[in-house]
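Colleague: Residue numbers (the UniProt record's numbering): 1 to 195. Using N, Cα and C, we set each Cβ at its ideal position, and we do this for glycine too. This structure is a prediction, so every number in the text was calculated from the model and none was measured. Attaching a single structure in structure tokens format; questions to follow.
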């Protein structure tokens, strides 16, 4: 994430955000983990408070948690008891290193113009057959929420067109209603795809 109002929000509110009451996306996590061999290597992009990484670690996976916010990374380290790499999505440069990439409610902050490059970086970071999970707040145009956080707000069609041309296999995009940190009703798009 560039140093903008989104970054400032996560730096200034890291402790509150990381320790908020949050339901673990257990159904999505379990579906994702079911496609990865026991002990497989997983990269979490944008681990936030570390709850998802903690769950994946408890299930025996080799998890590399990352976050673009140094303050959130520190909060996650306390929760999971291991280092969290401070890394922007644009800094991902691994090749064929992971069995899965978990990017739950994180890539939605990437400017639309940068998403093709980020998805290409994720594609390269995955081993052949590696799995991607990512989700986005649905919409038609970029914008900011009431906290000043940037969102790319893509449509299902926009995401599908982007990922189809980039060589992802077994692409599925599901939709469901939910919420977010701002407490507002949210339409979510969830991507699962394979390298």
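Compute the Euclidean distance between the alpha carbons of residue 150 and residue 184, then round it to the nearest angstrom.
Modeller: Approximately 15 Å between the Cα atoms of the pair.
Colleague: Give me, in chain order, the residues of the same chain whose beta-carbon lies closer than 8 Å to that of residue 175; leave out the 5 immediate sequence neighbours on both sides.
Modeller: Here the set comprises 138, 156, 187, 188, 189, 190.
Colleague: Considering only their Cβ atoms, is the gap separating residue 90 from residue 118 smaller than 8 Å?
Modeller: For residue 118 and residue 90, yes; Cβs fall inside 8 Å.
Colleague: Any idea if residue 128 is buried or exposed, counting beta-carbon neighbours within 10 angstroms, 16 or more meaning buried?
Modeller: Its Cβ having fewer than 16 others within 10 Å, residue 128 is exposed.
Colleague: How about the segment 154-168 and the segment 15-25: do they share at least three Cβ pairs that are nearer than 8 Å?
Modeller: No, they do not touch.
Colleague: Within a Cβ cutoff of 6 Å, which residues of the same chain sit near residue 41, ignoring the five residues on either side of it in sequence?
Modeller: These residues qualify, in order along the chain: 62, 98, 99.
Colleague: Using a Cβ distance threshold of 8 Å, determine whether the segment 70-86 contacts the segment 102-117, with at least three qualifying pairs required.
Modeller: Output reads no: the segment 102-117 does not touch the segment 70-86.
Colleague: Mind checking residue 18: buried by the 16 CB within 10 Å criterion, or exposed?
Modeller: Buried, since its Cβ has 16 or more Cβ neighbours within 10 Å.
Colleague: I'd like the span of the beta strand (DSSP E) that includes residue 63, first residue to last.
Modeller: Residue 63 -> beta strand (DSSP E) spans 62-67.
Colleague: Could you give the DSSP three-state label for residue 175: helix, strand or coil?
Modeller: Correct three-state label for residue 175: strand.
Colleague: Tell me whether residue 51 is buried or exposed, calling it buried when 16 or more other Cβ atoms sit within 10 Å of its Cβ.
Modeller: Burial call: buried.
Colleague: Quickly, what does DSSP pair residue 26 with across the bridge? List them, please.
Modeller: None, per the DSSP bridge assignment.
Colleague: Within 10 angstroms of the Cβ of residue 192, are there 16 or more other Cβ atoms? Answer buried if so, exposed if not.
Modeller: The residue in question, residue 192, is buried, as its Cβ has 16 or more Cβ neighbours within 10 Å.
Colleague: Only counting the same chain, and skipping five residues up and downstream in sequence, which positions put a Cβ closer than 7 Å to that of residue 59?
Modeller: If we look at residue 59 and ignore the five residues flanking it on each side, its Cβ neighbours are 33.
Colleague: Using the beta-carbon count (16 or more within 10 Å), is residue 68 buried or exposed?
Modeller: Label assigned to residue 68: buried.
Colleague: Taking its Cβ as the centre, do 16 or more other Cβ atoms sit within 10 Å of residue 53, making it buried, or is it exposed?
Modeller: With 16 or more Cβ atoms within 10 Å of its Cβ, residue 53 is classed as buried.
Colleague: In terms of residue numbering, what span does the alpha helix (DSSP H) encompassing residue 114 cover?
Modeller: It is not in any alpha helix (DSSP H) - residue 114 carries neither H nor E in the DSSP assignment.
Colleague: With respect to the beta strand (DSSP E) encompassing residue 57, which residues constitute its N-terminal and C-terminal limits?
Modeller: Premise fails: residue 57 lies in the alpha helix (DSSP H), 51-58, not in any beta strand (DSSP E).
Colleague: Assuming residue 72 and residue 39 form a contact by the criterion Cβ under 8 Å, report the distance between their Cβ atoms to the nearest whole angstrom.
Modeller: Not quite, the Cβ-Cβ distance comes to about 26 Å (not below 8 Å), so this is no contact.
Colleague: Grab me the residues of residue 57's own chain with a C-beta within less than 7 Å of its C-beta, minus the 5 sequence neighbours each way, in chain order.
Modeller: Closer than 7 Å at the Cβ level, and outside the excluded window around residue 57, lie 63, 80.
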